Amino acid sequence: MEIKEILKLAIDELNEQLEDDEKVEFSDDVRFIGSKACIDSITFVTLISIIEELIEEKYNKTIHLVNEKAFSQKRSPFYSIETMSAYIEDLLKE
Amino acid sequence: MNIDFLIEKILSYKDNVAVVTDGAEYTFKQIFDEYENAKSFLEKNNVKESSVVSLLADFNPHSIAMFLALIEKNTIIVPISNTIKAIDSYMKVSESEFFIGQEEDHFKIQKIDNVVSHKMLLDLKNKNKPGLILFSSGTTGEPKAALHDLTYLLEKFKKDGKKLSTVTFLLFDHIGGFNTMMHTLSNGGLIVTLKTRSADEVCSLIEKYKLELLPTSPTFINLIILNKTYEKYDLSSLKIITYGTEPMPESTLKAMHKILPQVTLKQTYGLSEVGIMPTKSENSESLWMKLRNDETFQTKIVDDILYIKSKSAMIGYLNAESPFDEDGWFNTKDKVLVKGDYVKILGRTTDLINVGGQKVYPIEVESVFLDLEEVLDIRIYGADNPIMGKVVEAEVKVSEENNNREFIKRLRKFAKEKLETYKIPVKFNLTTKDLYGDRFKKKR
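Right, dumping it as structure tokens:
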């Protein structure tokens, strides 16, 4: 399964607990952090947790997305679906 | 001397049945005989007054009689229930000089090479008063050993109370277990002992012996509801269910009241450090309770935290700093809400989860999810998180068919309607295993 598909599944699951006007679109225009972020910090943490669990289920590999590497990168890997997906692929290769 | 009042009462109840174990009935007279035997046993084995004695047992006529004999002998008793694994460490902390174990209906005794050196133990020995050492059952950290002067704990049993028939649900080494035993014996009630403490065993014995009182925990009540054990057995003899030892989810309380409307559901508030406090629940559906303030118990609330000062408080911990302030107040670490004379326990401040500055009490989240039929049990706890500091996580007991990702989606959808976002668990760990330990208390 492609990482992007996993992100789609994670967003679907997260949307279950969000009100209609808060639901996250699966689109590359969506921002997860910064001033244009579509979700608050606790919802972001939930999304990250769901992604980690799905990765574990599908790849049988435990990863921690929020780590030093994430913070030290010039551009945050959580900026968009595209950047997040590339970041996870990198982590999985390690 | 110490229990003259009790022996007098026991002798007056003569041929009434006092204890039922494994279907065998023992009258008060037989308990008295067992007590005399136990006294001779201690004598024969050179157990001197003021010795520290560990007693490994569960409730049965022989262990009850031995307990009474040990009180009468002015020993310092360390009751250890059969579920305890760290027996050696209990004996070391309590500086036990004797170990008594039970094999069927007879006892074996062992002299232990310990020298009592703890100041509190030596003080009690010098006063030649009976003592009781209760270990906290906390799942984190080393269990704390609370040393009591037994003469204060015995005081309340001198007054006459309600005669009730009951089961020894709470364990032998628990303040609640001690309370059940002493209350029932001193008022001529009936004690039915348990083997497995399963919902079926407890309910079948309630039916068989028409028992009136069930002292238990919220987790166990939840178990009876979920397994519909109340449908299998006639529980109409029950008059009172007391619940304590952990916070009660409102949903569980209301459900139980609906099932057994004739039963008074009463919250108890006891701590091994201060004894059992007299309380009065507002009603059977309410978690609000009145704490009685009298000459034996005083309470105060400072910054929403409950403090207790009690005559029956322990002398102190043998292996930890004193938890009392200079005026003798004990900080329960329980956060409470106040409504007139009533208080409602929200939970231990140590269980409180601080999600980015917002406070979450596990019990309120647990209570919400327990409304879902498919949630068989739930434990809410705080987990470290690099972004929020702490976040809420859940361990949920489900049936095999719901042990999948789709069910987590349902939980999230359900949570949206009932809980603020920061209270919704970031992670749901599904399991088909039980979430409670030997004491029918959630593992926290």
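Listed in order, the protein sequences are those of chains H and L. The opening position of the first sequence corresponds to residue 1 in the working numbering, with each subsequent residue numbered one higher. The opening position of the second sequence corresponds to residue 1001 in the working numbering, with each subsequent residue numbered one higher. For each residue, glycine too, the CB sits at the ideal point set by N, CA and C. Bear in mind the structure is a predicted one, so any value in this text is a computation, not a measurement.
Asked, Found
"Would you kindly work out how many angstroms separate the C-alpha atoms of L:K1092 and L:Y1317, rounded to a whole number?", "14 Å"
"Let me check one thing: in DSSP terms, what residues is L:E1103 bridge-paired to?", "L:H1106"
"Using three-state DSSP, classify H:Q23 as helix, strand or coil.", "At residue 23 of chain H the sequence reads Lys, which differs from the Gln that was named. If DSSP states are grouped into helix, strand and coil, H:K23 belongs with coil."
"By a C-beta neighbour count over all protein chains shown, 10 Å radius and 16 as the cutoff for buried, is L:P1425 buried or exposed?", "buried"
"Hey, could you find the ends of the beta strand (DSSP E) L:D1438 is sitting in?", "Per DSSP, L:D1438 belongs to no beta strand (DSSP E) and is neither H nor E."
"Within the 8 Å Cβ cut-off, does L:T1432 reach chain A?", "In the displayed structure, chain A is absent; the protein chains listed are H and L."
"Taking Cβ positions only, does L:I1408 come closer than 8 Å to chain H?", "yes"
"In the DSSP assignment, find the unbroken alpha helix (DSSP H) run with L:F1067 in it and report its ends.", "P1061 to E1072"
"Can you list, in chain order, the residues of its chain with a C-beta nearer than 8 Å to that of H:I33? Leave out the 5 residues immediately preceding and following it.", "F44, S76, F78 and Y79"
"Cutting at 8 Å between CB atoms, please list the residues of its own chain near L:I1071, excluding the five before and the five after it.", "N1002, I1003, I1077, P1130, L1150 and L1154"
"Report the residue from H:V30, H:Q73 and H:I50 whose alpha carbon sits nearest the alpha carbon of L:E1406.", "H:I50"
"Would you say H:Q73 faces chain L, with C-beta separation under 8 Å as the test?", "no"
"I want to see whether chain L comes within less than 8 Å of H:E5, judged by CB atoms only; does it?", "no"
"Would H:I81 pass as an interface residue toward chain L - the criterion being a Cβ-Cβ separation below 8 Å?", "no"
"Are the CB atoms of L:G1356 and L:Y1422 within a distance shorter than 8 Å?", "yes"
"Which same chain residues, not among the five before or five after L:K1163, have their C-beta less than 6 Å away from its C-beta?", "N1187, G1188 and G1189"
"Within 8 Å of any Cβ in chain L, is that where the Cβ of H:E89 sits?", "no"
"Measure from the C-beta of H:L18 to each C-beta in chain L and report whether the shortest distance is under 8 Å.", "yes"
"The beta strand (DSSP E) that contains L:G1389, what's its start and end?", "G1389 to K1397"
"How would you list, in chain order, the residues of chain H whose beta-carbon sits under 7 Å from the beta-carbon of L:P1386?", "V66"
"Would you identify the three-state DSSP class for L:V1263, choosing helix, strand or coil?", "coil"
"CA-CA distance, H:L92 and H:I63?", "8 Å"
"Quick check: the Cα distance between H:L65 and L:F1135, rounded to an integer number of angstroms?", "42 Å"
"Taking only beta-carbon positions, decide if L:G1382 is within less than 8 Å of chain H.", "no"
"Given a cut-off of 8 Å, decide if L:T1296 and L:S1281 are closer than it, judged by their beta-carbon atoms.", "no"
"Name, please, each residue of chain L whose Cβ falls closer than 8 Å to the Cβ of H:D43.", "Residue 43 of chain H is actually Thr in this sequence, not Asp. Those within 8 Å of H:T43 in chain L are T1421."
"Alpha carbon to alpha carbon, how far is L:L1171 from L:R1439? Give it in angstroms, no decimals.", "7 Å"
"Can you list, in chain order, the residues of its chain whose CB lies under 7 Å from that of L:N1016, leaving out five sequence neighbours each side?", "T1027, F1028 and G1188"
"Along chain H, in chain order, which residues have C-beta atoms closer than 9 Å to that of L:A1415?", "E16 and Q17"
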